[in-house]
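Taking my numbering, the leading residue of the sequence shown gets 229, the next gets one more, and so forth. Idealized CB from N, CA, C, for every residue including glycine.
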Amino acid sequence: SHMQDITNNDNDNAQDSNTLASTINVLSSKSVQFSLSIKRKN
């Protein structure tokens, strides 16, 4: 039972990391698009 708890916790941590990575990817792509749109205006 204790081992099961550890495994579940590892899975939760992995999901948190994936969510964070996805968020960072989205923010990065948005900031790149924003930069490109500013460059076009100048």
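Inset, instruction - In angstroms with no decimal places, state the Cα-to-Cα distance between S263 and N236. - result: Indexing the sequence shown from 1 puts residue 263 at position 35. Indexing the sequence shown from 1 puts residue 236 at position 8. Each residue's alpha carbon lies about 41 Å from the other.
Inset, instruction - Output the distance between the C-alpha atoms of D240 and S257, rounded to the nearest integer angstrom. - result: On the sequence shown, residue 240 is found 12 positions in, with the first residue counted as 1. On the sequence shown, residue 257 is found 29 positions in, with the first residue counted as 1. C-alpha separation (whole angstroms): 26 Å.
Legend entry - Three-state secondary structure assigned by DSSP to N270: Locating residue 270 in the sequence shown gives position 42, where the first residue counts as 1. Coil at N270, not helix or strand.
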